[in-house]
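*Asks:* I am attaching a structure below and will ask some questions about it afterwards.
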Ligand SMILES: NC(=O)c1ccc[n+]([C@@H]2O[C@H](COP(=O)([O-])OP(=O)(O)OC[C@H]3O[C@@H](n4cnc5c(N)ncnc54)[C@H](O)[C@@H]3O)[C@@H](O)[C@H]2O)c1
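Residue numbers (our numbering): 170 to 562.
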């Protein structure tokens, strides 16, 4: 099958279900190619050998700062298959066995969203650094406790997504900081597709389109406009039941449709829209998306991200001086959305700090939890967490 002809959602799902030979999408083939600043390689254990591991493992295999040591999955044949494919010497069916087995430094957690909190905590307790897929935990309090524990243990923890690392994010942040839009007033971002069909956790309690999809836009907008102070949201379930491969029909418990309003202070308001019921005429392969998915309006300018924030194509900017859109930042450089674990390994090996911080991931997690609370109570919810901002200086 021509990978360019299928969308990202189908591609990722198929890789797991069929155990098909891995054919990378063009963007997934690249990673960080720079030579390591130090000779040291960080030993990596990957837990969760499902769909997203098909994109993480090629990136980690090419990462000059990482050495793949162990693969683990509660479905042991998945760990076996990925270990075989990516020359990983050790494979385990349970985290306890993995932690007791071959020594490693960094746990890369690619398991079900609801499992991250428990597994991340266990790894930190065992003295491992952690790169976690989103969300980093199930609640702000639990995530903050894990971060505190990490500090006590002298290890690091980070969480996806990586959107603040793109050159397009940097361009937008610098444009805002330069005042090119005048007084910033409002922003909108949206992201959706018709929903995964390979695992039920996306639709179970603690899942939903906000932690799976909205998390990208929430990270982008809080990263650009600053930490949010309050949230008002409405969420719903549009598709009450789903067919999951190998499992049959399940009832959908978590929201699959969300509208989240954020107050960033100083009058700046933004809106994130996400869901698992969005038909997209361009499919879901990032390079095909040319729409403005993030827009920011100010009194003297308008700025829009072309394509998804996880695979941006450029930034359109119009100002009072140049009122027609001009496209900027069309080069992604080394940025790919699946580079987070390699960036973590690079940070641990060389001391190079990331723009991605656990505090930012925890703030976005608080926004998601607040949005759920706002829907339940029909009230505005005040936020208490914050993170180092601006992200890009
Ligand atoms: N698939 C994608 O397109 C994609 C893209 C970006 C991020 N993500 C994120 O990656 C994570 C995983 O998603 P996925 O699509 O790969 O799901 P998946 O169901 O395909 O894979 C998850 C794997 O984790 C394993 N697992 C679950 N609990 C475990 C445990 N306690 N110990 C060991 N293994 C365990 C499962 O058996 C499964 O193989 C989620 O957080 C998701 O939001 C997915």
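Beta carbons: idealized from backbone N, C-alpha and C, even for Gly. As the structure is a prediction and not an experimental result, all values here were calculated from the model.
#1: Excluding the 5 residues preceding and the 5 following residue 369 in the sequence, name in chain order all residues of the same chain whose CB lies nearer than 8 Å to its CB.
#2: Starting from the Cα of residue 338, find the closest Cα among 497, 248 and 361 and give me that residue.
#3: Report the three-state DSSP secondary structure of residue 206 (helix, strand or coil).
#4: Which of the three DSSP states is assigned to residue 433 in this structure?
#5: Among all the DSSP beta bridges, which residues are the ones paired with residue 480?
#6: What's the call for residue 405, buried or exposed, on a 16-neighbour Cβ count within 10 Å?
#7: How many Å lie between residue 515 and residue 211 at the Cα?
#8: Who are the near neighbours of residue 329 in its chain, counting only those whose CB is closer than 6 Å to its CB and skipping five residues on each side?
#9: Any idea if residue 435 is buried or exposed, counting beta-carbon neighbours within 10 angstroms, 16 or more meaning buried?
#10: Could you check which residue in 234, 536, 429 and 241 has the C-alpha nearest to that of residue 288?
#11: Short check: CB of residue 376 to CB of residue 284, under 9 Å?
#12: Counting along the chain, where does the alpha helix (DSSP H) carrying residue 404 start and finish?
#13: What span of residues does the beta strand (DSSP E) with residue 417 cover, start to end?
#14: How is residue 278 classed by DSSP in three states: helix, strand or coil?
#15: Can you tell me the Cα-Cα spacing of residue 273 and residue 320, whole angstroms?
#16: Can the beta-carbon of residue 437 be found closer than 9 Å to that of residue 394?
#17: What are the uninterrupted segments assigned as alpha helix (DSSP H) that are 4 or more residues long and contained completely in the region 224–263, given in chain order?
#18: Express the C-alpha separation of residue 472 and residue 246 in angstroms, rounding to a whole number.
#19: Give a yes or no on whether the C-beta atoms belonging to residue 382 and residue 536 are separated by under 9 Å.
#20: Starting from the Cα of residue 460, find the closest Cα among 312, 492 and 478 and give me that residue.
#21: Grab the span of the beta strand (DSSP E) containing residue 112 for me, first residue to last.
#22: Is there at least one non-hydrogen atom of ligand 1 closer than 8 Å to the beta-carbon of residue 445?
#23: Please confirm if the region 253–266 is in contact with the region 214–234, defined as three or more CB-CB distances below 8 Å between the two stretches.
#24: Within 10 Å of its beta-carbon, does residue 197 have 16 or more other beta-carbons around it, so buried, or fewer, so exposed?
#25: So, with DSSP's three-state summary, where would you put residue 270?
#26: When burial is assigned at 16 or more other CB atoms within 10 Å of the CB, is residue 359 buried or exposed?
*Replies:* Reading from the atomic positions:
#1: Position 200 of the chain shown, counted from the first residue, corresponds to residue 369. Within its own chain, the residues whose Cβ lies closer than 8 Å to the Cβ of residue 369, once the five positions on either side in sequence are excluded, are 411, 413, 416 and 419, listed in chain order.
#2: Along the chain shown, one-based indexing puts residue 338 at 169. Among 497, 248 and 361, the Cα nearest to that of residue 338 is on 497.
#3: The residue you call residue 206 lines up with position 37 of the chain shown. With a pLDDT of 46 at residue 206, under the threshold of 50, the modelled position of this residue cannot be trusted; read the value that follows with caution. Under the three-state reduction of DSSP output, residue 206 falls in the coil class, being neither helix nor strand.
#4: For the purposes of this step, residue 433 is identified with residue 264 of the chain shown, where counting begins at 1. Reduced to three states, the DSSP call for residue 433 is coil.
#5: Along the chain shown, read from residue 1 onward, the residue named residue 480 stands at position 311. As computed with DSSP, residue 480 is found in a beta bridge with 477.
#6: Locating residue 405 in the chain shown gives position 236, where the first residue counts as 1. Residue 405 comes out exposed.
#7: The sequence position of residue 515 within the chain shown is 346, counting from 1. The sequence position of residue 211 within the chain shown is 42, counting from 1. Distance between the alpha carbons of residue 515 and residue 211: 8 Å.
#8: Along the chain shown, read from residue 1 onward, the residue named residue 329 stands at position 160. So the list reads 302, 303 and 509, once near-sequence residues are dropped.
#9: The residue given as residue 435 occupies position 266 in the chain shown. Exposed, by the Cβ-count rule.
#10: In the chain shown, counting from the first residue as 1, residue 288 sits at position 119. Considering only alpha carbons, the answer is 241.
#11: As a position in the chain shown, residue 376 is number 207, starting the count at 1. As a position in the chain shown, residue 284 is number 115, starting the count at 1. In this structure, residue 376 lies away from residue 284, with their beta-carbon atoms at least 9 Å apart.
#12: Taking the chain shown and counting its residues from 1, one reaches residue 404 at position 235. According to the DSSP assignment, residue 404 belongs to no alpha helix (DSSP H) but to the beta strand (DSSP E) extending over 399–405.
#13: Position 248 of the chain shown, counted from the first residue, corresponds to residue 417. Counting along the chain, the beta strand (DSSP E) containing residue 417 begins and ends at 417–420.
#14: As a first step, residue 278 must be located in the chain shown, where it is residue number 109. Of the three classes helix, strand and coil, the one that applies to residue 278 here is strand, per DSSP.
#15: Sequence index remark: in the chain shown, residue 273 carries index 104 (1-based). Sequence index remark: in the chain shown, residue 320 carries index 151 (1-based). Straight through space, the alpha carbons of residue 320 and residue 273 are spaced by roughly 19 Å.
#16: On the chain shown, position 268 is the one that residue 437 refers to. On the chain shown, position 225 is the one that residue 394 refers to. Contact flag set, yes.
#17: The region 224–263 contains, as complete alpha helix (DSSP H) runs of 4+ residues, the segments 245–254 (chain order).
#18: Locating residue 246 in the chain shown gives position 77, counting from the first residue. Locating residue 472 in the chain shown gives position 303, counting from the first residue. Approximately 47 Å between the Cα atoms of the pair.
#19: On the chain shown, position 213 is the one that residue 382 refers to. On the chain shown, position 367 is the one that residue 536 refers to. No, these two residues do not count as a Cβ contact at 9 Å.
#20: Along the chain shown, one-based indexing puts residue 460 at 291. Residue 478 is the option with its Cα nearest to residue 460.
#21: A query on residue 112 cannot be resolved here, the shown segment of the chain reaching from 170 to 562 and no further.
#22: Here residue 445 refers to the residue found at position 276 of the chain shown. Exclusion of residue 445 from the 8 Å shell around ligand 1 follows from its C-beta lying no nearer than that to any non-hydrogen atom of the ligand.
#23: Put simply, the region 253–266 touches the region 214–234. At least three CB pairs are less than 8 Å apart.
#24: Here residue 197 refers to the residue found at position 28 of the chain shown. Interpretation of residue 197 is limited by its pLDDT of 30, a score under 50 that renders its predicted location unreliable; no figure is taken from the coordinates.
#25: Translated into the one-based positions of the chain shown, residue 270 becomes position 101. Three-state result, residue 270: coil.
#26: Along the chain shown, one-based indexing puts residue 359 at 190. Per the 10 Å Cβ criterion, buried.
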